[in-house]
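Engineer:
Residue numbers (the numbering used here): 28 to 251.
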């Protein structure tokens with residue numbers, strides 16, 4: 028019922044409705060949510076969240092800020108049990124909350140796990156699904172907030188790993204045009220990726236060869 032998008036433009040969708048803020052977005056509450064996402068499915072304890080979001084605030088005040096933010100986030104997410112508090116840790120309820128970055132990581136890991144020497148079909152399908160989820164930098168609107176830098180870089184590298192892996196699979200199956208499209212998508216996010224640029228150049232050469240061969244075949248046929 029709750030879908031949270033962090034790759035590219037940050038947005039929250041609850042029961043198919045985009046959450047829109049009439050006036051100013053509640054940045055403190057959203058930072059609390061983003062912090063939970065950074066910590067992952069297992070969530071975080073009070074101290075971890077306090078250190079992350081209120082590092083310069085004294086203990087009691089930081090814990091009070093934690094309680095207030097938790098209460099307000101519960102109200103924002105509307106659905107009861109969207110947030111779970113267990114053993115001193117708060118986390119998003121995976122039965123109610125879907126996060127694109129988590130799904131992207133899961134699919135990327137599965138892509139590698141299901142690969143077989145002579146059958147890459149399932150791996151390829153999973154890679155394509157993963158790449159569809161990557162629509163930009165993780166929490167791009169945070170503009171280099173220290174605690175978003177490392178996860179953003181990790182997800183970015185995972186994206187390029189998927190691009191290269193899928194592109195090579197498409198090359199090996201002779202699908203040069205699709206491989207070129209795959210590499211072009213990667214370069215949209217970083218045009219300086221040398222390996223992707225090399226693979227794209229190779230694909231374009233192969234496409235050119237095949238076009239020439241097809242053209243020669245047509246000419247020969249017409250000259251008969």
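Every residue gets a Cβ at the ideal spot worked out from N, C-alpha and C, and that includes glycine.
In this text the structure is predicted, and so the values were computed from the model without any measurement.
(1) Name the one or two DSSP bridge partners that residue 124 has.
(2) Let's see if you can read the secondary structure: which residues bound the beta strand (DSSP E) around residue 39?
(3) Hey, quick one: how far does the beta strand (DSSP E) through residue 117 stretch, first residue to last?
(4) Where DSSP assigns a beta bridge to residue 113, which residues make up the other side?
(5) Whose C-beta lies closer than 7 Å to the C-beta of residue 222 among residues of the same chain, with five residues either side of it excluded?
(6) Three Cβ pairs or more, each shorter than 8 Å: is that satisfied between the region 112-120 and the region 61-69?
(7) Return the bridge partner residues of residue 45 from the DSSP annotation.
(8) Tell me the start and end of each unbroken alpha helix (DSSP H) in the region 177-218 that is at least 4 residues and wholly inside, in chain order.
(9) Out of curiosity, what's the CA-to-CA distance linking residue 175 and residue 155?
(10) For residue 143, which residues does DSSP report across the bridge?
(11) Under 8 Å between the Cβ atoms of residue 105 and residue 41?
(12) In chain order, what residues of the same chain have a beta carbon less than 7 Å from the beta carbon of residue 96, not counting five sequence neighbours either side?
(13) Is residue 185 near residue 151, with beta carbons less than 8 Å apart?
(14) Hey, out of 188, 99 and 114, whose CA is closest to residue 69's CA?
(15) For residue 93, collect the residues of the same chain with a Cβ closer than 7 Å to its Cβ; drop the 5 residues on either side in sequence, then sort them by chain order.
(16) Is it buried or exposed, residue 135, if we count other Cβ atoms within 10 angstroms and call 16 or more buried?
(17) For residue 166, does the three-state DSSP call read helix, strand or coil?
(18) Which residue comes first and which comes last in the alpha helix (DSSP H) that contains residue 86?
(19) Taking its Cβ as the centre, do 16 or more other Cβ atoms sit within 10 Å of residue 226, making it buried, or is it exposed?
(20) Are the beta-carbon atoms of residue 37 and residue 160 separated by less than 8 Å?
(21) May I ask you to report which of helix, strand or coil DSSP gives residue 157?
(22) May I have the straight-line CA-CA distance separating residue 172 from residue 128, to the nearest angstrom?
(23) Considering residue 63, what are the terminal residues of the alpha helix (DSSP H) in which it resides?
(24) Could you give the residue range of the alpha helix (DSSP H) that holds residue 79?
Structural biologist: Quick look at the numbers:
(1) 29
(2) 38-41
(3) 116-119
(4) Assignment of beta-bridge partners to residue 113 by DSSP yields 116.
(5) Leaving aside the five residues that flank residue 222 on each side, the residues in its chain whose CB is nearer than 7 Å to its CB run, in chain order, 191.
(6) yes
(7) Answer by DSSP bridge pairing, in chain order: 40.
(8) 203-216
(9) 25 Å
(10) 146
(11) yes
(12) 55, 56 and 59
(13) no
(14) It is 114 whose Cα lies nearest to the Cα of residue 69.
(15) 73, 76 and 77
(16) buried
(17) coil
(18) 86-104
(19) buried
(20) no
(21) helix
(22) 17 Å
(23) Taken as a continuous stretch (DSSP letters only), the alpha helix (DSSP H) holding residue 63 covers 54-66.
(24) Run containing residue 79: 73-80, per the alpha helix (DSSP H) assignment.
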